[in-house]
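Since the structure comes first, as structure tokens, the remarks are kept for the end.
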Amino acid sequence: MCDGFGLAQFLKTMEEMIGGAHVPSIQPVWQREIFNARNPPRITCSHLEFEDVPLVSPISECSNMLLDPNNHIQRPFFFSLYKINSLRKQLPPHLAKTCSRFDLLAACLWKCRTIALNLNKNEVVRFSCLTSIRTKKEEMEKLGLPLGYYGNAFAYPAVMSKAEVLCKSSLGDVVELIKKAKEQVNVEYMKSVADLMVIRGRPRFSELGNFIVSDNTRLGFDQIDFGWGLPRFAGAATCFSMIISCLVSLEKEGEKGISVAIAFPTELAVQTFQREIDRFKITSSL
């Protein structure tokens with residue numbers, strides 16, 4: 007029905023109505039035909055998010071356990087803005103100036119989590135990020151997406167790597183991969199996704215070896231006030247599934263930062279992840 011931006015628009019409208027408004031400041035727009043498939047449909051872009059990864063024998067125990075939603079442990083971690091800036095200083099100068107906080111944290115999380123899972127070195131791991139066309143003004147205008155459109159307007163662009171290569175890569179190299187994933191999203195990519203859904207019968211994104219991260223810090227959930235004041239926490243309290251983690255804004259003991267919940271198959275993996283994160287000296291458990 008809607009994506010994160012659409013939900014934020016709905017909640018903002020509720021806030022306005024509670025405050026006495028008679029009409030929304032942004033009129034809701036349906037227009038789902040914007041994302042109709044073309045005629046004839048044609049897949050014109052690479053969509054690694056829907057491709058099966060090459061199977062490597064043996065598949066690690068952690069990979070198999072993560073596919074079972076009953077076999078995972080969720081842990082929240084807090085990254086203060088100060089410590090995020092400290093992490094940024096560990097990047098090459100050209101990346102430190104251009105990468106977003108999402109790029110930086112996502113790269114750190116993906117690398118450390120992959121190490122923690124102790125995968126077969128030849129297993130293929132994948133990173134997918136929920137990327138909205140709304141965040142790209144020129145592409146949004148090309149698509150003709152009106153301001154009040156509240157339907158889904160995002161894709162799951164992905165990149166892949168062998169586990170061993172990712173674990174040995176520098177933080178900067180992983181940031182480059184994250185940026186590469188996000189840069190795929192444009193009007194042609196969105197149309198290609200719509201056509202793929204028709205041609206392949208609405209496939210689910212691949213789960214094996216996948217780590218999906220969504221950035222909810224800029225949706226405005228933390229600024230919604232229904233009359234009781236601003237929320238102390240606004241976002242997903244847990245991972246949506248065993249592979250989807252959300253970055254949400256949070257203030258802990260007076261310090262602003264970002265919280266993220268991550269799923270692990272074992273306590274040992276949690277401990278290993280914390281050890282790897284501690285190497286960067288940037289985070290604390292909630």
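Positions 7 to 292 (the working numbering) are the ones given, in order, by the sequence shown. Ideal placement from N, C-alpha and C gives every residue a C-beta, glycine not left out.
Where does residue i sit, in a helix, a strand or coil, going by DSSP?
i: S92; result: helix
i: Q80; result: strand
i: A267; result: strand
i: F286; result: helix
i: I230; result: coil
i: V181; result: helix
i: V219; result: strand
i: F4; result: Nothing can be reported for residue 4, as the shown portion of the chain is limited to 7 through 292.
i: S198; result: helix
i: E129; result: coil
i: A187; result: helix
i: L225; result: coil
i: V193; result: helix
i: M203; result: helix
i: R140; result: helix
i: M71; result: helix
Could you pull the start and end residues of the alpha helix (DSSP H) that residue i belongs to?
i: G10; result: G10 to I24
i: D109; result: R107 to L123
i: M146; result: K143 to L149
i: E170; result: A169 to K174
i: T104; result: P99 to T104
Among all the DSSP beta bridges, which residues are the ones paired with residue i?
i: A164; result: S134
i: Y155; result: V35
i: V254; result: S265
i: F239; result: L256
i: F211; result: Its beta-bridge partners do not exist; DSSP assigns none.
i: S86; result: G263
Measure how close the beta-carbons of residue i and residue j come, nearest whole angstrom, since I'm counting them as under 8 Å.
i: E145; j: N222; result: With 8 Å as the limit, E145 and N222 do not qualify as a contact, their Cβ atoms being about 21 Å apart.
i: V199; j: A161; result: 5 Å
i: E282; j: A122; result: 6 Å
i: I205; j: I49; result: 6 Å
i: T120; j: A169; result: 6 Å
i: F84; j: S212; result: With a Cβ gap of about 30 Å, F84 and S212 do not count as contacting.
i: R81; j: I268; result: 6 Å
i: I90; j: L115; result: With a Cβ gap of about 12 Å, I90 and L115 do not count as contacting.
i: T180; j: A113; result: Before going on, a small fix: residue 180 reads as Val here, not Thr. The pair is a contact, with the Cβ atoms about 4 Å apart (cut-off 8 Å).
Using the beta-carbon count (16 or more within 10 Å), is residue i buried or exposed?
i: Y156; result: buried
i: A27; result: exposed
i: I79; result: exposed
i: R132; result: buried
i: I24; result: exposed
i: W36; result: exposed
i: T19; result: buried
i: S86; result: buried
i: Y88; result: exposed
i: T289; result: Low confidence applies to T289: its pLDDT is 49, below 50, so where it sits in the model is not reliable enough to give any reading.
i: M370; result: The requested residue 370 does not occur in the structure, where the chain is confined to residues 7 to 292.
i: G233; result: exposed
i: T104; result: exposed
i: V254; result: buried
With residue i as the anchor, note down where its beta strand (DSSP E) starts and where it stops.
i: S52; result: No beta strand (DSSP E) contains S52, which DSSP labels as neither H nor E.
Sorry if obvious, but does the Cβ on residue i come closer than 6 Å to a heavy atom of the ligand GTP?
i: L125; result: As far as ligands go, the structure on display features none, and thus does not contain the ligand GTP.
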